[in-house]
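Going by full-length UniProt numbering, the first residue of the sequence shown is number 1, and it counts up by one from there. By construction, the Cβ of each residue, glycine as well, lies at the ideal position given by its N, Cα and C atoms. The structure presented is a predicted model; accordingly, all values stated were derived computationally and were not measured. Presented below is the structure to which this report refers.
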Amino acid sequence: MAIPRKQKNDDDAASAARWNGLLDQLSVDVLTDQFIERVLQLDDYRDGVLPASEIRRTGAASFASLIESLRPGADSDRLVAERQNISLDVGVSRARAGIPVESLMTAIRIDFTVIWGELMALADPSDAELLVRRAETVWQVVDSYAAQTQATYIAERQRMAQEASSVRQGHVATMFGAVSPAPEMLTRIADELGIDQDAPLVVAAATTDDAAALRVVIAAASRRGTEMFTHPLPDGLVAFWAADHRPGSAVREAIEQVRQIRCGLVEQVRGLADLRVAAQAARALASLVEDSDQQALTMRNAWARLARHRLSETGVPVVPDVEAALAQAGPVERARLEEAVRSYIATGSIAQSADQLFCHRNTLMNRLRRFTDLTGIDVTIPHQAARLVVAWS
Numbered sequence: 001m002a003i004p005r006k007q008k009n010d011d012d013a014a015s016a017a018r019w020n021g022l023l024d025q026l027s028v029d030v031l032t033d034q035f036i037e038r039v040l041q042l043d044d045y046r047d048g049v050l051p052a053s054e055i056r057r058t059g060a061a062s063f064a065s066l067i068e069s070l071r072p073g074a075d076s077d078r079l080v081a082e083r084q085n086i087s088l089d090v091g092v093s094r095a096r097a098g099i100p101v102e103s104l105m106t107a108i109r110i111d112f113t114v115i116w117g118e119l120m121a122l123a124d125p126s127d128a129e130l131l132v133r134r135a136e137t138v139w140q141v142v143d144s145y146a147a148q149t150q151a152t153y154i155a156e157r158q159r160m161a162q163e164a165s166s167v168r169q170g171h172v173a174t175m176f177g178a179v180s181p182a183p184e185m186l187t188r189i190a191d192e193l194g195i196d197q198d199a200p201l202v203v204a205a206a207t208t209d210d211a212a213a214l215r216v217v218i219a220a221a222s223r224r225g226t227e228m229f230t231h232p233l234p235d236g237l238v239a240f241w242a243a244d245h246r247p248g249s250a251v252r253e254a255i256e257q258v259r260q261i262r263c264g265l266v267e268q269v270r271g272l273a274d275l276r277v278a279a280q281a282a283r284a285l286a287s288l289v290e291d292s293d294q295q296a297l298t299m300r301n302a303w304a305r306l307a308r309h310r311l312s313e314t315g316v317p318v319v320p321d322v323e324a325a326l327a328q329a330g331p332v333e334r335a336r337l338e339e340a341v342r343s344y345i346a347t348g349s350i351a352q353s354a355d356q357l358f359c360h361r362n363t364l365m366n367r368l369r370r371f372t373d374l375t376g377i378d379v380t381i382p383h384q385a386a387r388l389v390v391a392w393s
């Protein structure tokens, strides 16, 4: 006898609700722990080429995305794009780490084993039919993610081969040699790279610890047909490309992404002739990146830090007189004076700093005057405040 349509719809709704209930019980942390325990049994992961923190980061991101993608009717374009971004991250980093593709695929398919095993543990005996019906969906989602990651991995390995052996890479290396290329060589290099010799460029540099994030941006731009040239260094990576500020362009999107990662960034480079000096500046900025930084360092936002670093190399303290003068104040007063001055040199506004510190404007002005009395530095005078901007950067 045929099942009435209403009953079938009710059964489908109940099945979807129960399935979502099981997915809700899945813990990303638990899944990630189980995944790491199993994946570290693989030879190519056990030797520590990839730090456990990196495996945990990408593992947690993939499990969170896969769980959401398994919900009935929830595999939207947003989730597909999210999985693509994760596969891009994993594919690039594993390729650069030298993980064989076979080991990478084995590791990804552990995702299915871990998710399915946890679902089985959470399910009741009455869920047997539901699990049978959903098994193929789970496998398809994980397999799709595996295929995307494999494609990215292969593309990145090809890029690595090109970096190592292509003639063009030799020309790129010439740009960063000990001696600036002659004008005739610049013309030849420009022709070989397919860019205008005088076209404005953008240069980014990252240290070894932060190079992976820059490579991910480069790989994403390459997928959209944008040529970004790279030059590996013993202590990191330099990348440059022709500027393109047109709204929606792949280059503009890449620049926005680079601005959000830890690196040194120099924009508006005036052609190949200035590339070498700009790259040196980008590398200098990259070397100043601190753990607390969450964006690219530029001359605009890190000039004071760069100046402090360069001055410290001379061995001459920047504000020894200020430190000695402030030592005359008690610890509480000193803390309040420094707080007031730091806020003011950051905002340049009495009103804004007073609001920021939750005090009256007169109170703030009194603290600034007291600072002047102690140190002889009037922070309302730019050239006097500049020493503090550099010293306290």
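Secondary structure of TRP116 (DSSP, three-state): helix. A straight line joining the alpha-carbon of ALA335 with that of ILE345 spans about 16 Å. Of ALA61, GLU184, VAL141, ARG305, the smallest CA-CA separation from GLU290 is found for ARG305. With contacts defined as CB atoms closer than 7 Å, VAL319 and VAL258 fail to qualify as a contacting pair. No residue range can be given for LEU70, since it is assigned to no beta strand (DSSP E) and is classified by DSSP as neither H nor E. With contacts defined by Cβ atoms closer than 7 Å, ALA95 and ARG157 form a contacting pair.
When the Cα atoms are used, VAL202 and LEU193 turn out to be separated by approximately 15 Å.
In terms of Cα proximity to VAL322, the closest of THR314, VAL341, VAL269 is VAL341. Residue pairing of GLY236 in beta bridges, as defined by DSSP: THR207, LEU233. Three or more Cβ pairs closer than 8 Å define a contact, and the segment 164-174 falls short of that threshold against the segment 52-70. Taking C-beta atoms as the reference points, GLY236 and ALA206 count as a pair closer than 7 Å. When the Cα atoms are used, ALA254 and ALA327 turn out to be separated by approximately 48 Å.
Just so you know, the alpha carbons of GLU136 and ASP143 end up roughly 10 Å apart. Taken in chain order, the complete alpha helix (DSSP H) segments of 4 or more residues contained in the segment 113-200 are 128-165, 167-175, 183-193.
In this structure, the CA atom of ARG262 is about 13 Å from the CA atom of ALA284. Residue environment for PHE240: buried (at least 16 other C-beta atoms within 10 angstroms of its C-beta).
Taking the CA atoms as reference points, LEU26 sits about 43 Å from GLN356.
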